[in-house]
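The sequence shown begins at 1139 in the working numbering and counts up by one. Heads up: the structure comes next, in structure tokens.
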Amino acid sequence: MGKFRGMWGRLLLCLFEVGLGIVLLVDPVKFTSALMTAVGILLCVLGALSTLTYFRMDPVEASLSQELMKGLTLLVVGVFCIYRSDFFVRWFPVLTTLYGGIIIFTGIDKIQWAVDMFRLRRGVWQVSAVSALLSIVLGVLVLANPFSVLGTLWTFTAVSLIVIGVINGAAVLLGLRERT
1139 MGKFRGMWGR LLLCLFEVGL GIVLLVDPVK FTSALMTAVG ILLCVLGALS TLTYFRMDPV
1199 EASLSQELMK GLTLLVVGVF CIYRSDFFVR WFPVLTTLYG GIIIFTGIDK IQWAVDMFRL
1259 RRGVWQVSAV SALLSIVLGV LVLANPFSVL GTLWTFTAVS LIVIGVINGA AVLLGLRERT
């Protein structure tokens, strides 16, 4: 049953990748700004809760917890995210580099998955192997940054998310079908 839930978790991740790719393709600047504003609001709520927790604690316990420092830090970072979401848009190339590293890391994880499927004599290991190879190639392309125009980089990132999500989703669905 745990493996079945794990497969559904992978499928949800694939759907998230496709959805994120589509939204990035439609309007990457507005998406990034909205995302950072949402993150800022979440950080402010967590910061306020942490600050309130500090004042509700016993003074000795509170002095050891650092909840006030954590809460105020979260509030400052949250307000920055809300009012300076454009900062993250300008730093998109750096964020894309991090994304490229994450794609490579997930590609390496998919190699493990493909080899496990091969060793277990599952018939869909080839789809997982292709997905792993594609993830690593796309991650290397993002890290190599062969794009001279930022718009092209946004589009490439969005399309790569969609392609990887669809291929991974197909691999998950084929794996689920084979197990039943």
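Yeah, the Cβ is synthetic: ideal placement off N, Cα and C, and Gly gets one too.
Shown here for residue 1234: same chain residues with a beta carbon closer than 7 Å to its own, the five before and five after excluded, namely 1280, 1291 and 1295 in chain order. Burial state of residue 1309 is buried, judged by a 10 Å Cβ sphere holding 16 or more other Cβ atoms. It is roughly 45 Å from the alpha-carbon of residue 1203 to the alpha-carbon of residue 1253. With 16 or more neighbouring CB atoms inside 10 Å of its own CB, residue 1302 falls in the buried class.
For residue 1224, the uninterrupted alpha helix (DSSP H) segment begins and ends at 1223-1228. Three or more beta-carbon pairs drawn from the region 1269-1279 and the region 1237-1251 are found closer than 8 Å, and the two stretches are therefore classed as touching. The C-alpha of residue 1227 lies about 32 Å from the C-alpha of residue 1146.
The DSSP-derived three-state label of residue 1165 is coil. Secondary structure remark: continuous alpha helix (DSSP H) runs of at least 4 residues inside the region 1225-1284, in chain order: 1230-1257 and 1263-1282. Inclusion of residue 1179 and residue 1220 in the CB contact set at 8 Å is warranted, their separation being smaller than that value. In its chain, beyond the 5 residues on either side, 1248, 1305, 1306 and 1309 have a beta carbon closer than 6 Å to the beta carbon of residue 1269.
Under the 8 Å Cβ criterion, the region 1157-1170 does not count as touching the region 1190-1207, having fewer than three qualifying pairs. Burial is judged here by how many other beta carbons sit within 10 angstroms of a residue's own beta carbon; residue 1216 has at least 16 and is buried.
Residue environment: residue 1240 is assigned as exposed (fewer than 16 neighbouring CB atoms within 10 Å of its CB, all protein chains considered). Here DSSP, grouped into helix, strand and coil, assigns residue 1195 to coil.
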